[in-house]
Amino acid sequence: MSKASNIETCAADWLLRTEEAGWSETDQAQLNSWLSESDAHKAAYWRLEAGWRSADRLAALRSDHDTAIPQSRQRLSWAWPIAASVIVIFGIGSFSWWNSVPALQQVEKMHVATNIGKRKLVQLEDGSKIDLNTNSSIRTATSEEKRVVWLDSGEAYFDIAKRSGQKFIVYAGTKTITVLGTKFSVRRDGEKVSVVVEEGRVRVDDTTVSGSARSAVIEGGDVAVSRGLSTLITTASPEKIDDALAWREGMLNFDQRSLAEVAQEFNRYNQKKLVIGDADAAAIQIGGSFKASNVDAFVRLLRDAYRLNVDDSGASVTISS
Amino acid sequence: MVDEDRLKEWFCREVLPLERSLTHFIRRNWRMRDDLIDIRQDVYRQAISAAQRELPNQTRAYLFAIARNNLINRAKRAKIVSFDLVADLEHLGLAPDLYETERGLEARDELRQAMAGIEALPPRCREVIRLRKVEGYSTRDVAEQLGVSTDTVEKQTTLGMRALVDFMLGGSGKIQRPLFARKFRKEITP
Chain A
40 MSKASNIETC
50 AADWLLRTEE
60 AGWSETDQAQ
70 LNSWLSESDA
80 HKAAYWRLEA
90 GWRSADRLAA
100 LRSDHDTAIP
110 QSRQRLSWAW
120 PIAASVIVIF
130 GIGSFSWWNS
140 VPALQQVEKM
150 HVATNIGKRK
160 LVQLEDGSKI
170 DLNTNSSIRT
180 ATSEEKRVVW
190 LDSGEAYFDI
200 AKRSGQKFIV
210 YAGTKTITVL
220 GTKFSVRRDG
230 EKVSVVVEEG
240 RVRVDDTTVS
250 GSARSAVIEG
260 GDVAVSRGLS
270 TLITTASPEK
280 IDDALAWREG
290 MLNFDQRSLA
300 EVAQEFNRYN
310 QKKLVIGDAD
320 AAAIQIGGSF
330 KASNVDAFVR
340 LLRDAYRLNV
350 DDSGASVTIS
360 S
Chain B
10 MVDEDRLKEW
20 FCREVLPLER
30 SLTHFIRRNW
40 RMRDDLIDIR
50 QDVYRQAISA
60 AQRELPNQTR
70 AYLFAIARNN
80 LINRAKRAKI
90 VSFDLVADLE
100 HLGLAPDLYE
110 TERGLEARDE
120 LRQAMAGIEA
130 LPPRCREVIR
140 LRKVEGYSTR
150 DVAEQLGVST
160 DTVEKQTTLG
170 MRALVDFMLG
180 GSGKIQRPLF
190 ARKFRKEITP
């Protein structure tokens, strides 16, 4: 083989390994050192990685792949010894592979909820951690093949322990989020579901339309916001991702968001509600980092720094210009 | 120094979309087909090395200048030199390229392209890649599903991955088999 071809094969091997369960920091360090050996290694690896990622959209074909990629040819031409059993598995698989939640054998069932302003860290027995934000509720179940969480309301951050052969699935309203990687958060405001991926990859599927797949793979740095059937995927800067996940430190970070939005965020965490009195005040741009529970400090800041009028009735605070 | 993340981002965003044009350029000016992958990778390597000091403003001109010099040096090193070729290359300059317009794929084209790329694979390879990319299976899942060893799956996945990436970047998407059969690698200059 030519030298370049050899390097490309090595790069492909590495890339495959990064996707497998059990990819560790030691492995990553080895990969990094291989990459730093030569710019030819970098060239080959970056090229393969970019090209391979650009084919990720194939995951969108999952539920109705029979129509998308004709299988007749490969069935006929299978030369491998176990061909018969393969076909049997496919036959069953295409009907019930993904939507078989009801058949799940539930081994463990847990229900966890938080009140307004509270957070809870839930440790699952497989080592996965779920950080439950204010006013949220989840249920969990595990079986041999699956770990399942239903996000009934609110927001949760997931740090998933990799288990080969045991998928991790989050149901949020009409969306199904299948974990292909590790760290992400899901937020549900009624019908609207937002997924922020900090690290790794997850797949978001729509469960309302059976048969026709609406699926998106999103990865580290991506934010997906779904409302009904439409899903918007954007790539957010690392700062944006940090802002979206700041609640885990009890903080709310805003980068030039309107006071109306900011007030809404605060209201998720506090019994004492912020009410914005007029449109001028609502449009004021706010930036900064605030303690989620300290609505009084935020109100003082609005009064002193922004010279807004504050009317505190105890149960709510009305802010006007 | 350009840090590595920026370098990688530049390489993926600006250089890789030019792969089709670059391949075409190399093919047109260098007749030994077997050298294509070597030359292309060498050009990428040089592009990355030189961009570490500063990212170029005109990536296209930069990349093709590197490619041209690479071919000239190769021709000069070759045992039998065709002066015509060297002269041609030196006069080539950075002539406007017919493939100027192509850029990275739009997101919605990516899926179509990826589907076509999978279709272009030989059957066994296609199924392995399909299970991995479409169904999201791991190597072990694929091996279990197909009843073959993980070794076999890894080999097929590697071959399929390289072919699919080639296709995604505008190539033919042909499997690059090891070169055992190519005994007649001629020492003929282009």
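Going line by line, the protein sequences match chains A and B.
To convert, note that position 145 of the first sequence is 184 in my numbering; the numbers rise steadily by one, no gaps.
To convert, note that position 100 of the second sequence is 109 in my numbering; the numbers rise steadily by one, no gaps.
A virtual CB, placed ideally from N, CA and C, is assigned to each residue, including glycine.
- A89 (chain A) is positioned such that its CB atom lies no closer than 9 Å to that of L155 (chain B).
- Residue state for A195 (chain A) is assigned as strand, using DSSP reduced to three classes.
- Closest by C-alpha distance to S359 (chain A), out of A:I323, A:D261 and A:G239, is A:I323.
- DSSP places G169 (chain B) outside any beta strand (DSSP E); the residue lies instead in the alpha helix (DSSP H), whose first and last residues are T159 to M177.
- Within the same chain, and ignoring the five residues on either side of E23 (chain B) in sequence, the residues whose Cβ sits closer than 6 Å to its Cβ are T68.
- For T181 (chain A), no alpha helix (DSSP H) segment is defined; the enclosing uninterrupted segment is the beta strand (DSSP E) at S176 to T181.
- Chain-ordered, the chain B residues with CB closer than 7 Å to the CB of K42 (chain A) read D47.
- With its beta carbon at least 9 Å from every one in chain A, E23 (chain B) lies outside the interface.
- For T48 (chain A), the uninterrupted alpha helix (DSSP H) run begins and ends at K42 to E58, by DSSP.
- CA-to-CA, the gap between E258 (chain A) and V264 (chain A) works out to about 13 Å.
- For Q67 (chain A), the enclosing alpha helix (DSSP H) begins and ends at E64 to E76.
- Using a CB distance below 8 Å, the part of the region 40–73 of chain A facing chain B consists of M40, S41, K42, A43, S44, I46, E47, T48, A51, D52, L54, L55, E58, E59 and A60, ordered along the chain.
- In this structure, the beta-carbon distance from F20 (chain B) to Y53 (chain B) falls below 9 Å.
- Chain B has no Cβ within less than 9 Å of the Cβ of G259 (chain A).
- Contact annotation for K183 (chain B) against chain A: no contact, minimum CB-CB distance about 13 Å [criterion: below 7 Å].
- DSSP, reduced to helix, strand and coil, places D351 (chain A) within a strand of the structure shown.
- Annotated three-state conformation of R186 (chain A) is strand, per DSSP.
- Straight-line spacing of the CA atoms in T48 (chain A) and I208 (chain A) works out to 33 Å.
- Within the same chain, and ignoring the five residues on either side of Q61 (chain B) in sequence, the residues whose Cβ sits closer than 7 Å to its Cβ are M10, V11 and L16.
- In this structure L171 (chain A) does not touch R227 (chain A) by the C-beta definition: roughly 12 Å separates them, more than the 8 Å allowed.
- Rounded to the nearest angstrom, the Cβ distance from A320 (chain A) to L340 (chain A) is 14 Å, too far for a contact under 8 Å.
- At a beta-carbon threshold of 7 Å, the residues of chain B lying near K81 (chain A) are I57, ordered along the chain.
- Note that the C-beta distance between C134 (chain B) and L168 (chain B) is below 9 Å.
- Under the 10 Å beta carbon count, Y84 (chain A) is surrounded by 16 or more other beta carbons and is classified as buried.
- Put simply, the CB of L120 (chain B) is near chain A, with a gap under 9 Å to one of its CB atoms.
- At a cut-off of 9 Å between C-beta atoms, V174 (chain B) counts as an interface residue with respect to chain A.
- A contact is defined here as three or more CB-CB pairs under 8 Å, and the region 324–336 of chain A meets this definition with respect to the region 280–298 of chain A.
- Straight across, the Cα-Cα distance linking I46 (chain A) with L55 (chain A) is about 14 Å.
- Under the DSSP assignment, T68 (chain B) falls in the alpha helix (DSSP H) whose first and last residues are T68 to R86.
- Counting C-beta atoms within 10 angstroms of its own C-beta, V162 (chain B) has 16 or more neighbours from the protein chains shown and is therefore classed as buried.
- Interface residue (Cβ-Cβ distance to chain A less than 9 Å): S147 (chain B) is classified as such.
- At a C-beta separation below 9 Å, S203 (chain A) has these neighbours in chain B: S147, R149 and D150.
- The C-beta distance from A50 (chain A) to L87 (chain A) rounds to 5 Å, short enough to meet the 8 Å contact threshold.
- Of the residues assessed, Y345 (chain A) falls on the exposed side of the cut-off, its CB having fewer than 16 other CB atoms within 10 angstroms.
- Burial state of R37 (chain B) is exposed, judged by a 10 Å Cβ sphere holding fewer than 16 other Cβ atoms.
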